[in-house]
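Count the sequence shown with this note's numbering and you get residues 3 to 245, in order.
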Amino acid sequence: KTPIISPPTDCISPIGEELILKGLKKEVNADFFTAVTRPPAVYRGNPFVIEVGLAYGGELEADSPVKIMRFANRVPLLYQKGACAITEAVTTTNWKAYHLKQPKGSRPYGPLLILVHMASVWVPFTSEAKEAIAHYPEIIKEIKLGLQECGRKLGAYLSRRAKAAKEIKRFEYLRKYVPHVAEALKELNELSDYEAERVQKLLLEVLEDDRRYTKNNGALQGSLQGYLAKEEASDEHTDPLTE
């Protein structure tokens with residue numbers, strides 16, 4: 003087997019991840035942005051580079067198919083979306099793995115905008131009108147790899163957001179019972195109003211620590227006993243818990 007030298011890629015002009023992010027942030031009011039520029043690849047001896055950008059959340063419509071922005075050598079492709087390799091790559095990517103709804107054989111649904119740019123010395127358009135990119139396996143593969151790389155970042159963001167929302171809901175639910183627990187401790191231990199108020203404050207601090215350090219395998223950095231001991235040590239000459 004004779005090794006074949008890859009064609010030069012210095013003639014390709016990609017947009018770049020930084021400019022893609024700047025453009026998305028300028029045009030779209032969203033909560034999450036990410037972009038990736040794939041390494042150069044080759045189809046039929048022609049070098050090309052695929053770039054992908056995502057914008058999620060914000061003012062994007064949540065109950066409609068995702069929006070797709072297609073570019074070839076920095077020129078937007080406005081027509082024949084269904085005949086384009088970019089649309090096929092988006093449709094055949096498993097977006098459910100990144101926490102998005104996706105009907106079988108269709109684009110995913112959600113507040114998501116997808117930007118795909120192909121830079122090449124020879125973009126294989128489907129017609130002379132240059133409105134859609136031809137379905138070459140090498141091109142579709144690179145587009146899907148770029149979508150998957152951005153999708154993993156999006157999935158990680160959505161997982162963190164869902165976990166944070168769950169923790170906030172749990173915190174607010176438990177917080178409702180703190181006054182009742184403090185009142186019960188007051189009756190059982192015959193505490194004064196001042197002592198009961200301080201116990202309630204300590205319980206809220208413990209609960210806040212629980213929420214703050216959940217990532218540390220659920221281990222608390224402090225406990226009620228530790229707080230009580232600390233309070234007793236600091237107040238033993240002024241306001242002890244027991245008189």
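We treat Cβ as the ideally placed atom computed from N, Cα and C, and that holds for glycine.
{"Item": "Do residue 14 and residue 55 have their CB atoms nearer than 8 angstroms?", "Value": "no"}
{"Item": "Does the Cβ-Cβ distance between residue 49 and residue 41 come in under 8 angstroms?", "Value": "no"}
{"Item": "Note the first and the last residue of the continuous alpha helix (DSSP H) segment covering residue 72.", "Value": "Taken as a continuous stretch (DSSP letters only), residue 72 belongs to no alpha helix (DSSP H), being part of the beta strand (DSSP E) at 69–74."}
{"Item": "Shortest alpha-carbon distance to residue 90 belongs to which of 164, 101, 112, 116?", "Value": "116"}
{"Item": "Using CA coordinates, which residue listed in 131, 111, 136 is at the minimum distance from residue 101?", "Value": "111"}
{"Item": "Going by DSSP, which residues form a beta bridge with residue 50?", "Value": "43, 122"}
{"Item": "Thinking C-alpha only, which one of 209, 185, 190 is nearest residue 199?", "Value": "185"}
{"Item": "Consult DSSP for residue 106 and reduce its assignment to one of helix, strand or coil.", "Value": "coil"}
{"Item": "Quick one: what's residue 77 bridged to in DSSP?", "Value": "74"}
{"Item": "So for residue 14, helix, strand or coil by DSSP?", "Value": "coil"}
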